[in-house]
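Asker: Under mature numbering (1 follows the signal peptide of the UniProt record, and there is no 0), read the sequence shown as residues -35 to -1, 1 to 411, first letter to last.
No residue lacks a Cβ here, since even glycine has one placed at the ideal position from N, Cα and C.
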Amino acid sequence: MKTQHRRRSREQRSRHTIRPLTVVAALAVTGLALAGCTGQGSGGKDDQPDASGKVTLDFWNGFTGPDGPALEKVIEDFNASQDDVEVKANIMPWDTLYQKVLTSVAGNDGPDIIAMSASRMPQFASQGLFEPLDDYYSDSSNDSAALATAAVDASVFDGVNYGVPVNFTPMMMYYNKDLFSAAGLDPEAPPATWDELASMVPKLTVDENGDGQPEQFALAMADHETVPVFASMLWGTGGSIANDDGTKSTLGDPESIEALDFWVSLIRDQKATQIGMSGADADKLFQTQKAAIEIVGPWMTTGFDEAGLDYGLAKPPAGPSDEAVLADVVSMGLPAGTSDAQKKAAYEFFAYWNSAEGQTTWADGSGFPPNRADVADKVTASPYPAIFGAADVTDVSKTLLPGVASGGPIMETIFNPSVQKALNGEGSVKDIFTDASAQVQAELDK
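Structure below.
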């Protein structure tokens, strides 16, 4: 599946990155104390309806860019659809949100609804900071059976669901058709496998003056502060960071080392991408036509369209053993201690958000695929939901480390630093990741 789009130029917007929790240390130190508190979150605030009987919900989220107006439109429509609940969006950068959540919940002055990457929820839920939401799913009137299973399961921790999906989206491969043509490559034939990609790297990486510093790279691939594309590449050889139930580290297994060897060699030795980039850096590299390929989500379509890029979209190249595609999920949760009145009001909003009407508005405005397949034919204002939500993509999509409470620390303090060591030649891949695997196991055993 391939497509192309072209428009003008614009600065970058929010990205649904799995950002580092800069408060990980604080969480470890204060977690037990916070988990032992009662009346956390909204329970400590004036949560009674106002004189008109309306309940107001403060909704924290990180949709700071082109996807933000679509979110606000759904909220506006929900508020206008009834007289009992008013949702107010409080939009801030994702890293700011993560930092503020702990202190606000501890002080009983936090949000009524919190949106965050579903991969972060186990880390907070394990400390007792989120309200269990299983009763939302058991109520058939919420029509949650229509939702994509992967979107719902992403916020499950220890058998309990702590979130309701805002979005579910696979990562796709964007490729610059002009750069493909300039390299003598067919602009309608992006790489479908790792081997095909490797054969294109020498043509797409350009070092005009031979100083060892390419002016153009084949890939824009970040190694920190980004959606975990690098980690998902382990799946291509049957590797992974941990087993399915999150009890055993598999980072040092032969399958994982095979994948890491391939990608480290491609980047370090073939100079396939610039080393040391954040997600925002990678976006900029592709947007300024200094990289031919980037694997990222639909939130970048607006920026790339407005930059005037002639690009195509296709599934990321398949590995020799598996074609699994990384998916990102953002979920809405409720702080522990949420009152019955606030919970009931939040559930009304959750149900509207994931209704056919809400999901059509969201997908049309944001470019994200809807959380429910039965509205796909109603999404007509944007071509992107159909591309990112195509069955051949979603059927092979999965999330990273679902339900693993230590997933955040593992990525930010073990995996990403190990990748950077390997890319910078600070040891062999096998030695670096065998050691990293032991560190991962220590985290899983906590």
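Roughly how many angstroms separate the alpha carbons of Val39 and Gly332, rounded to a whole number?
Answerer: Taking the straight line from one Cα to the other gives about 14 Å.
Asker: Name the DSSP bridge partner or partners of Glu51?
Answerer: DSSP lists Thr21 as partners of Glu51.
Asker: As an exercise, report each continuous alpha helix (DSSP H) stretch of at least 4 residues that is fully enclosed by the region 113 to 177, in chain order.
Answerer: Runs found: 114 to 118, 142 to 147, 159 to 169.
Asker: What number of angstroms, rounded off, separates the C-alpha of Asn389 from the C-alpha of Asp342?
Answerer: Straight-line Cα distance between these residues: approximately 47 Å.
Asker: According to DSSP, simplified to helix, strand and coil, what is Glu223?
Answerer: Glu223: helix per DSSP, three-state reduction.
Asker: How should Asp329 be labelled, buried or exposed, when 16 other C-beta atoms within 10 angstroms of its C-beta is the threshold for buried?
Answerer: Result: buried.
Asker: According to DSSP, what are the bridge partners of Met297?
Answerer: Met297 is bridged to Ala80, Val129.
Asker: Would you kindly work out how many angstroms separate the C-alpha atoms of Ala247 and Glu313, rounded to a whole number?
Answerer: One C-alpha to the other measures close to 38 Å.
Asker: My guess is that Pro301 and Phe182 are in contact by the Cβ rule of under 8 Å, so how many angstroms apart are they, rounded?
Answerer: Residue identity check: residue 301 is Ala in the sequence provided, not Pro. That pair is no contact at about 45 Å.
Asker: Assuming Tyr127 contacts Met86 under a Cβ cut-off of 8 Å, what Cβ separation, rounded to an integer in Å, is found between them?
Answerer: Indeed, because the Cβ distance is near 5 Å, the residues count as touching under 8 Å.
Asker: If you draw a straight line from the alpha carbon of Ser69 to that of Pro76, how long is it in whole angstroms?
Answerer: Distance between the alpha carbons of Ser69 and Pro76: 8 Å.
Asker: Are there three or more Cβ pairs, one per stretch, closer than 8 Å when the region 29 to 39 is compared with the region 287 to 304?
Answerer: As far as the Cβ criterion goes, the region 29 to 39 does not touch the region 287 to 304, which means the pair count is below three.
Asker: Per the DSSP calculation, Arg337 is bridged to which residue(s)?
Answerer: DSSP output for Arg337 lists Leu112 as bridge partner(s).
Asker: Give me the DSSP bridge partner(s) of Ser362.
Answerer: Ser362 pairs with Val290.
Asker: Applying the criterion that 16 or more other CB atoms from any shown protein chain within 10 Å of the CB defines a buried residue, is Lys309 buried or exposed?
Answerer: Lys309 should be labelled exposed.
Asker: Sort Glu271, Thr215, Lys249 by Cα distance to Val261 and report the nearest one.
Answerer: Checked all of Glu271, Thr215, Lys249; the closest Cα to Val261 is Lys249.
Asker: Along the chain, where does the beta strand (DSSP E) that runs through Ala257 open and close?
Answerer: Per DSSP, Ala257 belongs to the beta strand (DSSP E) from 256 to 261.
Asker: Do the region 139 to 146 and the region 350 to 362 meet, that is, are 3 or more Cβ pairs less than 8 Å apart?
Answerer: No: the two stretches stay apart, fewer than three of their Cβ pairs being nearer than 8 Å.
Asker: Can you name, in chain order, every residue of its own chain whose Cβ lies under 7 Å from the Cβ of Thr134, other than the five neighbours on each side?
Answerer: Once the five neighbours on either side are set aside, the close Cβ partners of Thr134 are Gly262, Pro263, Ala292, Asp293, Phe333, Pro334, Phe353.
Asker: Quick check on Gln92: buried or exposed, where buried means 16 or more other Cβ atoms within 10 Å of its Cβ?
Answerer: Per the 10 Å Cβ criterion, buried.
Asker: Rounded to the nearest angstrom, what separates Pro130 and Trp327 at their Cα positions?
Answerer: Taking the straight line from one Cα to the other gives about 12 Å.
Asker: What distance in whole Å lies between the Cβ atoms of Asn319 and Met112, which are believed to be in contact at a cut-off of 8 Å?
Answerer: Here residue 112 turns out to be Leu, not Met, going by the sequence shown. Right, the Cβ-Cβ distance comes to about 6 Å (below 8 Å), so this counts as a contact.
Asker: Nearest-angstrom Cα distance between Glu161 and Phe195?
Answerer: Spanning the two alpha carbons is a distance of roughly 18 Å.
Asker: Spatial neighbours of Ala387 within its chain, please: C-beta separation below 6 Å, excluding the five flanking residues on both sides.
Answerer: Cβ within range, chain order: Val229, Val394, Ile397.
Asker: Is the region 114 to 128 in contact with the region 360 to 377, if contact means three or more CB pairs nearer than 8 Å?
Answerer: At 8 Å Cβ cutoff, the stretches touch.
Asker: Does the distance from the CB of Pro374 to the CB of Gln64 come in under 9 Å?
Answerer: For Pro374 and Gln64, no; Cβs fall outside 9 Å.
Asker: Helix, strand or coil for Ser383? Go by DSSP, reduced to three states.
Answerer: Three-state DSSP puts Ser383 in a helix.
Asker: Mind listing, in chain order, the continuous beta strand (DSSP E) runs of no fewer than 3 residues lying wholly within the region 175 to 224?
Answerer: With a minimum length of 3 residues, the continuous beta strand (DSSP E) runs that stay inside the region 175 to 224 are 182 to 185.
Asker: Using 9 Å as the threshold, is the C-beta distance between Thr266 and Ala185 below it?
Answerer: No, Cβ-Cβ distance for Thr266 and Ala185 is not below 9 Å.
Asker: Return the residue from the list Val50, Asp48, Phe43, Phe28 that minimises the CA-CA distance to Leu62.
Answerer: Minimum Cα distance to Leu62 is reached at Phe28.
Asker: If Phe24 and Val50 are in contact, beta carbons under 8 Å, what's the gap, nearest whole angstrom?
Answerer: So it is not a contact: roughly 11 Å between Cβ atoms.
Asker: Let me know if Pro281 comes out buried or exposed under the rule of 16 or more other beta-carbons within 10 Å of its beta-carbon.
Answerer: Pro281 is buried by the Cβ-count criterion.
Asker: Determine the DSSP secondary structure at Ala(-3), reduced to helix, strand or coil.
Answerer: With a pLDDT of only 28 at Ala(-3), under the threshold of 50, the placement of this residue in the model should not be trusted; the figure read from the coordinates follows. Ala(-3): helix per DSSP, three-state reduction.
Asker: Beta carbon of Glu190, beta carbon of Thr202: below 9 Å?
Answerer: In this structure, Thr202 does not lie closer than 9 Å to Glu190 by Cβ.
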